[in-house]
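Heads up: the sequence shown runs through residues 19 to 228, numbered per the numbering used here. Report on the structure given below.
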Amino acid sequence: MSAVEDFVHVFEPATRPDAPTLLLLHGTGADEYDLLPLGRALAPGAALLSPRGRVDENGMNRWFRRLREGVFDVEDLIARTAELAGFVEAAVRAYDLDPKRIVVSGFSNGANTGAGLLLLHPGLVAGAVLLAAGAPLQGREPDPVDLSGTRVFLGNGTADPITTVDQGRLLAEQLRGRGASVRREEHPGGHQVPAPVLDRAREWFAGSDF
Numbered sequence: 019m020s021a022v023e024d025f026v027h028v029f030e031p032a033t034r035p036d037a038p039t040l041l042l043l044h045g046t047g048a049d050e051y052d053l054l055p056l057g058r059a060l061a062p063g064a065a066l067l068s069p070r071g072r073v074d075e076n077g078m079n080r081w082f083r084r085l086r087e088g089v090f091d092v093e094d095l096i097a098r099t100a101e102l103a104g105f106v107e108a109a110v111r112a113y114d115l116d117p118k119r120i121v122v123s124g125f126s127n128g129a130n131t132g133a134g135l136l137l138l139h140p141g142l143v144a145g146a147v148l149l150a151a152g153a154p155l156q157g158r159e160p161d162p163v164d165l166s167g168t169r170v171f172l173g174n175g176t177a178d179p180i181t182t183v184d185q186g187r188l189l190a191e192q193l194r195g196r197g198a199s200v201r202r203e204e205h206p207g208g209h210q211v212p213a214p215v216l217d218r219a220r221e222w223f224a225g226s227d228f
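Structure representation (structure tokens):
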């Protein structure tokens, strides 16, 4: 059985009653503190659960291995995503969280991992805010899981050289094809999160009734 100690992490309890929990997944080279400001901006008062990726790539924290830039080790992604799902389930028990009110939010490598959680572990989270995310199973069609009731916000840059906008569009198709409600926001920038996209994500979150 997984334990919360399996991942280095930060947990900040909710500061308002009946608030959801944000599962925060950082990008390559960051750590468990990196997305705390994003979590506070997205959902003021929500509980924040922010683990650190357990893969070391030349001293940089990641969630799963890659073979080279832009090419994922899909088998490792599947295995690491299962480990993360076990951590989330353990955190629900340890911190007395509502398992039906967990929303994953990630950037880049963390967003790809969040997409993996949705497609490989349906029902683990209620929704997602994924920024600079692409289809995580590269070249494989995900299983026909049921994501009805799952709400997802995707933000992608049309000039992103790392996660191309086509990958973001493919992820949206995969999620919608499995019943998820998806809102996509494209911006003209690259591998980043512009303020207007964050503002729209915050508005979407507030209106999603998590």
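Ideal Cβ placement from N, Cα and C applies to all residues, glycine included.
Contacts around residue i, its chain only, beta-carbon distance under 8 Å, and the 5 residues preceding and following it disregarded
i, result
"Y51", "V28, S68"
"D94", "V73, F82, R83"
"L53", "L42, L43, H44, S68, S123, G124, F125, G128"
Same chain only: Cβ atoms within 7 Å of residue i, ignoring 5 sequence neighbours per side
i, result
"G145", "V121, T168, R169, V170, S226, F228"
"I96", "L138"
"S20", "G104, F105, E107, A108"
"G134", "L95, T99, P154"
"P140", "V163, D164, L165"
Reference residue i, options the options, closest by Cα
i, options, result
"R72", "Q185, F82, V183", "F82"
"T99", "P117, N127, L149", "N127"
"R86", "P35, I180, F105", "I180"
"G88", "A198, V215, D178", "D178"
"N76", "P62, T46, L115", "T46"
"P162", "R194, W222, A150", "R194"
"D184", "A153, V110, D91, V211", "A153"
"A32", "E191, H44, D114", "D114"
"P160", "E204, L136, S199", "L136"
"A224", "P38, R80, D24", "P38"
"L172", "D36, H205, P117, M78", "H205"
Local conformation of residue i per DSSP, three classes
i, result
"T99", "helix"
"V147", "strand"
"G104", "helix"
"A153", "coil"
"G128", "helix"
"G134", "helix"
"P229", "Residue 229 falls outside the range modelled here, since the chain spans only 19 to 228, and no answer is possible."
Cβ-based neighbour list, residue i, same chain, cut-off 6 Å, excluding 5 preceding and 5 following
i, result
"L40", "G57, A61, A64, L66, V121, S123"
Paired residues, beta bridge with residue i - DSSP
i, result
"V122", "L41, A146"
Item to check | Runs of alpha helix (DSSP H) lying entirely within the region 23-94, each at least 4 residues, in chain order | outcome: 54-60, all fully within the region 23-94.
Checklist entry - Residue ranges of each alpha helix (DSSP H) run of no fewer than 4 residues wholly in the region 163-211, ordered along the chain? => result Given a length threshold of 4 residues, each whole run of the alpha helix (DSSP H) inside the region 163-211 is given here in chain order: 183-194.
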